[in-house]
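Novice: Numbering (the numbering used here), first residue to last: 248 to 441.
1. In angstroms, rounded to a whole number, what distance separates the CA positions of residue 313 and residue 377?
2. Anyone know if the C-beta pair for residue 293 and residue 280 falls short of 7 Å?
3. Is residue 275 helix, strand or coil by DSSP?
4. For chain C, is any of its Cβ atoms less than 7 Å away from the one on residue 431?
5. In the DSSP assignment, what are the bridge partners of residue 253?
6. Considering residue 223, what are the terminal residues of the alpha helix (DSSP H) in which it resides?
7. With burial defined as no fewer than 16 other Cβ atoms inside 10 Å of the residue's Cβ, what is the status of residue 325: buried or exposed?
8. Between the alpha carbons of residue 259 and residue 271, how many angstroms are there, rounded?
9. May I ask which residues mark the beginning and end of the beta strand (DSSP E) holding residue 424?
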């Protein structure tokens, strides 16, 4: 299944210079969203209590359910603007995605979770998400890396073994839906100029 992830940081609605339903900062550029684009971009984060793995068919169905008139066209436009990224389950396209995008953490590790085998992300006094220890450690490395490919290299112990890096990349990319759906971080362009 190809997972569709939102890219950029939501800034909210704006009234100047013209009213827009929302805007997203991507790299150094602010992108205005119309009503349908804002709905689809928000839906790509997943729904509370739902499986955060949002495939393209599921995203289209959710968009149609909330009244987006042409979900296919809206998703395609957001992909063209790099505000959504399809992440294939396998293949060389995964490396291209990993080299193009970086994860930006919004929450920090705050220690052991309620289950001692987990680690909590959040803010002091406000835990948001408990993760298995290995996932939390990967997320810390991902937040320090220049792009998702480098995050996979860090998780694999260095760039020396391509097979190990590709295996680690599967884990790094696999971690993203739950982290993004819980607003622990967001994806951005590795090169902020586009």
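Where a beta carbon is used, it is the ideal one built from N, C-alpha and C, also for glycine.
For clarity, every value in this text was computed on a predicted model and none was experimentally measured.
Specialist: Checking against the coordinates, here is how it stands:
1. Taking the first residue of the chain shown as 1, we reach residue 313 at position 66. Taking the first residue of the chain shown as 1, we reach residue 377 at position 130. Roughly 30 Å separates the two Cα atoms.
2. Counted from its first residue, the chain shown places residue 293 at position 46. Counted from its first residue, the chain shown places residue 280 at position 33. No, these two residues do not count as a Cβ contact at 7 Å.
3. The count along the chain shown starts at 1 and reaches residue 275 at position 28. In this structure, residue 275 counts as coil in the three-state DSSP scheme.
4. Absent from the structure: chain C. Only one protein chain is present.
5. Within the chain shown, the letter at position 6 stands for residue 253. According to DSSP, which records beta bridges pairwise, residue 253 is partnered with 331.
6. A question about residue 223 goes unanswered here, because the residues of the chain that appear run from 248 up to 441.
7. Working through the chain shown from its first residue, we reach residue 325 at position 78. Buried: at least 16 other Cβ atoms inside 10 Å.
8. Position 12 of the chain shown, counted from the start, is the residue given in the question as residue 259. Position 24 of the chain shown, counted from the start, is the residue given in the question as residue 271. Approximately 7 Å, taken between the alpha carbons.
9. Translated into the one-based positions of the chain shown, residue 424 becomes position 177. Residue 424 -> not in any beta strand (DSSP E); alpha helix (DSSP H) instead, spanning 409 to 428.
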